[in-house]
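What follows is a single structure, written as structure tokens, with notes after it.
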Amino acid sequence: MSPTRPPTSPGPRVDELRRALGEDALEAAAEGSGPTSDLDVVVGSGRGAAEVLREPTPRTDGYAALRAYAALGDGRTVALVADDGRVDWLPIPDLDCAPAFAALLDAESGGVVELAPTQPYRLRRRYLPGSNVLSTEYETATGTARVTDALCTGVAGRLPWCELGRRVEGLSGDVPFAWRIAPGTALASASPWVQGTVHGAVLRVNGATMVPVLSDDLTPLVAEQEIAGAFTTSPGSRHLVALVGTEREPVQVPRAEEVDDRISRTVANWQTWTDAFRYQGPWPLAVQRSALQLKLLLHAPTGSIAAAATTSVPESWAGGKNWDYRYSWLRDTAYAVDALIDFGLREETHAAISWVVRTIRSEEPRVFYTLAGEVHDHHDEPDVPGWRGIGPVAVGNHAGAQRQLGVYGDVLGVVRGYVDAGNLLDADTGRVLAALADEAADAWHRPDAGIWELHDERHFTTSKLGCWQALECAAHLADAGQIPGTPDRWRAEARRIRDWVEEHCWDEARGTYVMASGSDDLDASILLHAMSGFDTSDRMSRTVDTLRAELGTGPWLHRYTGMREEEGAFVACSFWGVAALAEVGRVDEARTWMDELVAASNDVGLWTEMVDVDTDEFLGNLPQALSHLALVQAAIAVWDATGRAPVEVPDVEAAGSTAAERTGATSGS
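Going by the UniProt record's numbering, 416 is the number at position 416 of the sequence shown; the sequence numbering is gapless.
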């Protein structure tokens, strides 16, 4: 399939709404928008909003470009909102549920929540400072309005239900809006329907019960499988379109005023979290935004961290590389804990490290687990077209049972960082980790599937170095009195691994470490072991240059030899290159490279897994934890290389805003 996007009409599918409900009904609803509400929160745009209004990103066959999305979250699930006002992805109530709204993967039947002006418009959007609450300002020929989107939280944090709140404020003139709530087929597993109740119409699909919560002045138009309506803003007006949902549980139906209040509380809750965020290094706004995106992926009930919020968004225009990333990889969790420690976020650090040690106690480490910490054992391919028709769509992931030796280094590396930060291990965890170190000492000489989860097992360089890292960290933990075992044996085995890699995995003629022993292929994951401390010498410096020459295009790196023709560039690998340059002392070059990469995110700082180097289009699941983690790793590596000198944080997001605007406590136009 060609990556070229044919021009399409911008905005939500208002034409479909007109066909479904009738022109007269839609216009009557718009004219009867009624008096303004007394609700007490308007958020000022401030200088942090993009100064340039722009057109919404065109859709292709009903599918938004991945760069068009912003993410909302509440600690259990994530919603993806395109810049044309459509929520195209929202599992209810948990991230790994069958999604009630999945137009991301099925534009016709997947399900969508629409809210946008019915006239042609331009927009600018941003996250409110220090939050994952999205503010979008629309300008039409007749006026301006602002929409504030949140997955709401409450007084005690995460709500026991899912609550999508969408507040619409009139700023100037009149702006007609249309809205539509149309659940889909939960990835071809069920049919949605609307049921009438004493409290109004309720939407149901696949065990999920969803209740629209609307301002009193909004009149819903109920169809067989959706609920829709329209209204017109005026200066100072306020409307609310919200959705409350549960799965196989009763639903507490709030008043519209309560949801509106919770949108404001959600902003404050996020800002309380970011106020505890401790980072004084370079690229502070990009690092904070990545931390906020990672927080969206942290599953609050268990402490696990999802690899991404979605499944089956393709890594290749040709299809076939579509994976379910709504699981927790030990590797990603390890990198996340390192970042959380650096950020001073103790609660999240403890939750994530506790999840890791719980999951590894029952058996040898797996590559990934469910968000609940269970072993994954299924894989289905429902009859769903996929994003832009690029299939297959997967529910589940085949890689769970693979042998990947690198997980030993991931686990013991993250525990070492946790202990070095001043924390202690319990005796049971110590015994489990000592046993893992013994397994690494025995297993390192075996072939495995490698970090890229390939089908053919080989003697991959980074797999050997994962075992090397595990043994070095285990010896360190034993010396610190945190685990029992035989540190002398572990160190001796680590030396054997180092010698083996230097002899069998280094290509002197090309000046690079290779992907596997006996191979000429290159692998960008070797860059991780500049950060692990394996090699920060001239060999690693030369390896960076060779990788950029053979796997690079501009600022981007592909994963390994041959991938340039098959898929996009891997965002994390590119940031690992920055970190490796900093580790080998080439800090100025690292800064230049990092500047290029940071500027390449989408307009709200979100990253997917891959980038098409020819078109700059995003590819792969989103938001992608590994991409955001790699950005953080790169920034910290540069900061470390400069002695962690504090960097003044430019208050770009909040500059010019009043305190009330920052917290969402203003009123008026």
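Every residue, glycine too, gets a C-beta built ideally from N, C-alpha and C.
Item: Is residue 580 closer than 8 Å to residue 544 when the C-beta atoms are compared?; Value: yes
Item: Which of helix, strand or coil does DSSP assign to residue 456?; Value: coil
Item: Per the contact definition of three or more C-beta pairs closer than 8 Å, is the region 459–474 in contact with the region 405–421?; Value: yes
Item: Answer with yes or no whether the minimum CB distance from residue 187 to chain E is below 8 Å.; Value: Absent here is chain E; the protein component of the structure consists of one chain.
Item: Taking all protein chains shown into account, do 16 or more other C-beta atoms lie within 10 angstroms of the C-beta of residue 424, making it buried, or fewer, making it exposed?; Value: exposed
Item: Tell me whether the region 235–244 and the region 155–173 touch, counting them as touching only if at least three CB pairs, one residue from each stretch, are closer than 8 Å.; Value: yes
Item: Going by the CB atoms, is the gap between residue 312 and residue 393 shorter than 8 Å?; Value: yes
Item: Taking the CB atoms as reference points, tell me whether residue 234 and residue 303 lie closer together than 8 Å.; Value: no
Item: For the structure I just gave you, are there three or more beta carbon pairs, one from the region 484–492 and one from the region 522–540, closer than 8 Å?; Value: no
Item: Use the C-beta contact count for residue 226: other C-beta atoms within 10 angstroms, 16 or more gives buried, fewer gives exposed.; Value: buried
Item: Roughly how far, in whole angstroms, is the beta-carbon of residue 396 from the beta-carbon of residue 319, given that I think they are within contact range, below 8 Å?; Value: In fact, because the Cβ distance is near 18 Å, the residues do not count as touching under 8 Å.
Item: When you compare each of 115, 117 and 99 to residue 109 by their alpha carbons, which one comes out closest?; Value: 99
Item: Is residue 120 buried or exposed, if buried means 16 or more other CB atoms sit within 10 Å of its CB?; Value: exposed
Item: What does DSSP give as the partner residue(s) for residue 591 in the beta ladder?; Value: Beta-bridge pairing links residue 591 to no other residue.
Item: Just verifying my parser: in three-state terms, what is the DSSP assignment at residue 610?; Value: strand
Item: Between residue 124 and residue 137, which are expected to be in contact by the criterion C-beta below 8 Å, what is the C-beta distance as a whole number of angstroms?; Value: 5 Å
Item: Please classify residue 404: is it buried, with 16 or more other beta-carbons within 10 angstroms of its beta-carbon, or exposed?; Value: buried
Item: Name the two residues that bound the continuous alpha helix (DSSP H) containing residue 540.; Value: 538–551
Item: Looking at the structure shown, is residue 86 part of a helix, part of a strand, or coil, going by DSSP?; Value: strand
Item: Just to confirm, is the Cβ distance from residue 610 to residue 552 under 8 Å?; Value: no
Item: Measuring from the CB of residue 152, is there a heavy atom of the ligand HEM at a distance below 7 Å?; Value: Within the structure as shown, the ligand HEM is missing, as the structure has no ligands at all.
Item: Please report how far the alpha carbon of residue 205 lies from the alpha carbon of residue 211, in whole angstroms.; Value: 12 Å
Item: Among residues of its own chain, excluding the 5 on either side of residue 504, which ones have a beta-carbon nearer than 8 Å to its beta-carbon?; Value: 459, 517 and 518
Item: Is residue 515 helix, strand or coil when you go by DSSP?; Value: coil
Item: In the DSSP assignment, what are the bridge partners of residue 233?; Value: 175
Item: Please look up how many angstroms separate the CB atoms of residue 373 and residue 358, rounded, as I've assumed it's under 8 Å.; Value: 6 Å
Item: Let's test the definition: count the other Cβ atoms within 10 Å of the Cβ of residue 266 and tell me whether it reaches 16, buried, or not, exposed.; Value: buried
Item: Kindly give me the distance between the Cβ atoms of residue 622 and residue 309, rounded to whole angstroms, as I take these residues to be in contact under 8 Å.; Value: 7 Å
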